[in-house]
Amino acid sequence: PYPFQLANTLDIPFKNLCLNDHQFEWKYDGIRGQIIKRSNNISIWTRGEELVNNSFPELVSLISMIKDDFVIDGEILIWDSKSKFPDNFGSLQKRLRRNSPSNKIQKDLPISFLIYDLLELNGKDLRGNILSLRRDQLEKSYSIWKEKTSDPYFDKLRLINLINVLNWEDVENKKNNSRNFNTEGLVIKNKNSKYLPGRKKGNWWKYKVDPMQLDAVLVYAKVGTGKRADLYTDYSFALWNDKELTKFASAYSGLNNEEIKELDKWIRKNTITKFGPVRSVKPLLVFEISFENIQFSTRHKSGIAVRFPRITKWRKDKNIYDADSMENAYKLMIKK
Numbered sequence: 420p421y422p423f424q425l426a427n428t429l430d431i432p433f434k435n436l437c438l439n440d441h442q443f444e445w446k447y448d449g450i451r452g453q454i455i456k457r458s459n460n461i462s463i464w465t466r467g468e469e470l471v472n473n474s475f476p477e478l479v480s481l482i483s484m485i486k487d488d489f490v491i492d493g494e495i496l497i498w499d500s501k502s503k504f505p506d507n508f509g510s511l512q513k514r515l516r517r518n519s520p521s522n523k524i525q526k527d528l529p530i531s532f533l534i535y536d537l538l539e540l541n542g543k544d545l546r547g548n549i550l551s552l553r554r555d556q557l558e559k560s561y562s563i564w565k566e567k568t569s570d571p572y573f574d575k576l577r578l579i580n581l582i583n584v585l586n587w588e589d590v591e592n593k594k595n596n597s598r599n600f601n602t603e604g605l606v607i608k609n610k611n612s613k614y615l616p617g618r619k620k621g622n623w624w625k626y627k628v629d630p631m632q633l634d635a636v637l638v639y640a641k642v643g644t645g646k647r648a649d650l651y652t653d654y655s656f657a658l659w660n661d662k663e664l665t666k667f668a669s670a671y672s673g674l675n676n677e678e679i680k681e682l683d684k685w686i687r688k689n690t691i692t693k694f695g696p697v698r699s700v701k702p703l704l705v706f707e708i709s710f711e712n713i714q715f716s717t718r719h720k721s722g723i724a725v726r727f728p729r730i731t732k733w734r735k736d737k738n739i740y741d742a743d744s745m746e747n748a749y750k751l752m753i754k755k
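Residue numbers (this note's numbering): 420 to 755.
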């Protein structure tokens, strides 16, 4: 695949940007990828440079029916053609690393590729063109592909819709309401930007909705790896379920070095039991845990799963009875 262009976190005031010079897209929670078709050879690559043709045979079959050669950049999602919005990342996880998924899996977990960009067309590298020109060419090509491809499931290949915005206040409102569309926020792209590898300043920004948060009790700790193999750096946290604590998430990022060392000493002094590299600890400490999404899950004892959990604050001001409950977690699922 070509080196991927990535978005920076928006860190400048809106007033420094010209609204009309930018296009706006939803930020979806899938797997970034490129589909390459050259001389009837098809490759589906993830951003991690993993070839996943065998995991998504229905995409390979569909792409093979398109006459043009191309390289398209986009997102792999679980998205039924009858649904307005894609499924959560948890559904996509069920299809990852499945070689030769059965027809039932393909039906129950229908894959889609959401096209963001056109990087190459019939042997011509388009990355040096500005985004507005690449978008025009993408729309024209996609329209032709859809018209001339006989596959009734062509909707597995989707073109991302651009979001119409009136002003920067409208941008803010759409970002804040992004969970209603099962997205993480917005991606803001400079229409004059070329497709360049990595995170280039001034080209693309991700403007994500504020994370969800719950205060949870530390219940387990595990030693780290590499330079931190002698410290307890991986933690598991629990919420109140009636009068008991139920584990709901694990996190290993968010604390600074001083906090890690302080917590490591506390863990060693307050261990209840040891099993391998893991210790259960006295339930005495509360931490603020932030995450991007929350959903029901049969894979976890708590019945819920969270996306990208991390520690955002050591709540030394709270005792364990101030921690959140499973009921609070369920309310977050309803709100989103």
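The C-beta atom is built at its ideal place from N, Cα and C for all residues, glycine as well.
* On the DSSP bridge assignment, give the partners of Leu540 in chain order. => Beta bridge pairing from DSSP links Leu540 with Phe489, Lys543.
* Would you call Gly604 buried or exposed, if buried means 16 or more other Cβ atoms sit within 10 Å of its Cβ? -> Buried, since its Cβ has 16 or more Cβ neighbours within 10 Å.
* To do: Name, in chain order, the residues that DSSP records as bridge partners for Asp634.
  => Answer by DSSP bridge pairing, in chain order: Glu707.
* Identified DSSP bridge partners for Ala668 -> Looking at the DSSP assignment, Ala668 forms a beta bridge with Phe656.
* To do: Let me know the beta strand (DSSP E) ranges lying completely inside the segment 520-589, each 3 residues or longer, listed in chain order.
  => For the segment 520-589, whole beta strand (DSSP E) runs of length 3 or above, ordered along the chain, are 530-540, 576-578.
* Please report the residue range of the alpha helix (DSSP H) in which Trp685 lies. => DSSP places Trp685 inside the alpha helix (DSSP H), whose first and last residues are 676-688.
* Straight-line gap, Ile524 to Phe504 (C-alpha atoms, nearest Å) -> About 19 Å.
* Asked: Taking the continuous beta strand (DSSP E) assigned at Glu469, which residues delimit it?
  -> In the DSSP assignment, Glu469 falls outside any beta strand (DSSP E) and carries neither an H nor an E.
* To do: Report yes if the C-beta distance between Lys620 and Leu550 is below 8 Å; otherwise report no.
  => Contact: no.
* With a Cβ-Cβ cutoff of 8 Å, do Trp445 and Ser569 count as a contact? -> Cβ atoms of Trp445 and Ser569: not closer than 8 Å.
* Between the Cα of Leu581 and the Cα atoms of Ile534, Leu664, Asn601, Lys575, which residue gives the shortest distance? -> Looking at the Cα atoms, Ile534 is the closest of the given residues.
* **Per-residue DSSP class, three states only, for Phe433** => Note: Phe433 maps to helix in three-state DSSP.
* To do: Return yes when the Cβ of Ala426 is within less than 8 Å of the Cβ of Trp624, no when it is not.
  => In this structure, Ala426 lies closer than 8 Å to Trp624 by Cβ.
* Should Thr602 go down as buried or exposed, given a rule of 16 or more other Cβ atoms within 10 Å for buried? -> Its Cβ being crowded by 16 or more others within 10 Å, Thr602 is buried.
* Asked: Just how far apart, CA to CA, sit Ile686 and Pro696?
  -> Each residue's Cα considered, the two are about 13 Å apart.
* **Among Ile450, Glu469, Ile485, nearest to Ser458 - alpha-carbon criterion** => The alpha carbon of Ser458 has as its nearest neighbour, out of Ile450, Glu469, Ile485, the alpha carbon of Ile485.
* Asked: For the segment 699-717 against the segment 493-509, are there 3 or more C-beta pairs whose distance is under 8 Å?
  -> Because the criterion of three Cβ pairs below 8 Å is met, the segment 699-717 and the segment 493-509 touch.
* Indicate whether Lys456 and Asp492 have their beta-carbon atoms separated by less than 8 Å. => Remark: C-beta atoms of Lys456 and Asp492 do not approach each other more closely than 8 Å.
* For Leu585, is the classification buried or exposed, using 16 other Cβ atoms within 10 angstroms of its Cβ as the cut-off for buried? -> Exposed, by the Cβ-count rule.
* Helix, strand or coil at Arg729 [DSSP, three-state] -> The answer is strand: DSSP assigns Arg729 an E or B state.
* Would you say the segment 665-681 touches the segment 717-737, given that touching needs at least three Cβ pairs under 8 Å? -> A contact exists between the segment 665-681 and the segment 717-737.
* Roughly how many whole angstroms lie between the Cα atoms of Leu481 and Arg577? -> Taking the straight line joining both Cα atoms gives about 12 Å.
* Return yes when the Cβ of Ile450 is within less than 8 Å of the Cβ of Glu494, no when it is not. => Going by C-beta atoms, Glu494 is nearer than 8 Å to Ile450.
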